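Numbering (our numbering), first residue to last: 669 to 877. Note that CB positions come from ideal geometry on N, CA and C, so glycine has one too. Quick caveat: nothing in here was measured; it's all calculated off a predicted structure. Presented below is the structure to which this report refers.
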Amino acid sequence: SDYNYKTEKQFTDEDDKNETPRYVMDMEFDDKRSVRYPDGNYEQNVLLRPLKQGNELQFFEFAPYRMYTCYAIPKRVHDIRAGAVEGHTLIIWSKNPPLSDAPGTRNQRFVYVHPYPDSWYPEYHTVIKYRNSRGALVDKKLEWPTYKRHFYLPYRLDVDLCYQAKSAADIPSKWYGNRHLNTIGDSYQITASVCNAKEPRQIFIPVFA
669 SDYNYKTEKQ
679 FTDEDDKNET
689 PRYVMDMEFD
699 DKRSVRYPDG
709 NYEQNVLLRP
719 LKQGNELQFF
729 EFAPYRMYTC
739 YAIPKRVHDI
749 RAGAVEGHTL
759 IIWSKNPPLS
769 DAPGTRNQRF
779 VYVHPYPDSW
789 YPEYHTVIKY
799 RNSRGALVDK
809 KLEWPTYKRH
819 FYLPYRLDVD
829 LCYQAKSAAD
839 IPSKWYGNRH
849 LNTIGDSYQI
859 TASVCNAKEP
869 RQIFIPVFA
């Protein structure tokens, strides 16, 4: 994450020189054997936690079909719990068949927007038609390349949603399936939020191994 929890602003070069702690995507557990059977009564979060060198649970792979796979547990992928709805939480879940177009599979598809020039994205400003929740056919102008270094949720067309880390002041999301979550003290949930190109909590920097 490019968000500095000490200054509550975007990281600067000076912050890194001062060795201000960085937070990265991680599991809510510290041992891959702690991953639970994918069941609606036990959903495990992908959290921002302090960077820990050598922790393989902090490694994710850019997989085909717009999926993001856990390196240590390759059958588990990023998933927005219960659909692309503002405020819904990022969890780790069993990978659905990539070619499936089931609703649960669409929950697992994301686009990381690299900071390339807008002209490199042929979709930019393209107008497409889709049916909204009322069944009406409407136009949508694709603007997602605007959100550089964001994780964009591509299948929700009526609103642009991106990953956003919770702030220290935000109340953790609670539901029956995450009642066992016990690492919130030094970690932060990630939720689907309306995209904002200048919101530092939505900016993520890939570090390639």
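In this structure the region 799-807 does not lie against the region 777-785, because fewer than three pairs of beta carbons, one per stretch, are closer than 8 Å. Annotation: Glu811 to Ala833 spans about 22 Å, alpha carbon to alpha carbon. In this structure, the straight-line span from the alpha carbon of Ser702 to that of Lys809 is close to 43 Å. Partner residues in the beta bridge of Tyr856, as assigned by DSSP, are Leu716. Beta-bridge pairing by DSSP links Leu805 to Arg799.
Contact between the region 711-731 and the region 684-693 is established, with three or more Cβ pairs separated by less than 8 Å.
Taking a C-beta distance under 7 Å as the contact criterion, Phe727 and Tyr739 qualify as a contact pair. The three-state secondary structure of Trp788, taken from DSSP, is helix. Annotation: Arg704 is outside any beta strand (DSSP E) and is labelled neither H nor E by DSSP. Contact between the region 838-851 and the region 695-710 is established, with three or more Cβ pairs separated by less than 8 Å. Of the residues Asp681, Asp707, Met693, Phe876, the one whose Cα lies closest to the Cα of Asn846 is Asp707. Take Glu711, set aside five residues on each side of it, and the residues of its chain with a beta-carbon closer than 7 Å to its own are Arg749, Ile759, Gly845, Asn846, in chain order. One alpha carbon belongs to Pro790, the other to His756, and they sit about 30 Å apart. Contact between Arg824 and Phe872 is absent: CB atoms are separated by about 19 Å, not below the 8 Å threshold. Considering only Val875, Pro868, Pro874, the residue with the shortest C-alpha distance to Gln678 is Pro868. For Ser835, the number of other beta carbons within 10 angstroms of its own is below 16, and it is reported as exposed. The C-alpha of Tyr733 lies about 34 Å from the C-alpha of Asp681. In this structure, the straight-line span from the alpha carbon of Trp788 to that of Thr794 is close to 13 Å.
Within the same chain, and ignoring the five residues on either side of Lys842 in sequence, no residue has its Cβ closer than 6 Å to its Cβ. For the options Asp769, Glu724, Asn864, Asp838, the alpha carbon positioned closest to that of Leu829 is the one of Asn864.
Asp683: member of the alpha helix (DSSP H) spanning 681-685, first to last residue. Sixteen is the threshold: when 16 or more other Cβ atoms of the shown chains lie within 10 Å of the Cβ of Asn764, as they do, the residue is buried.
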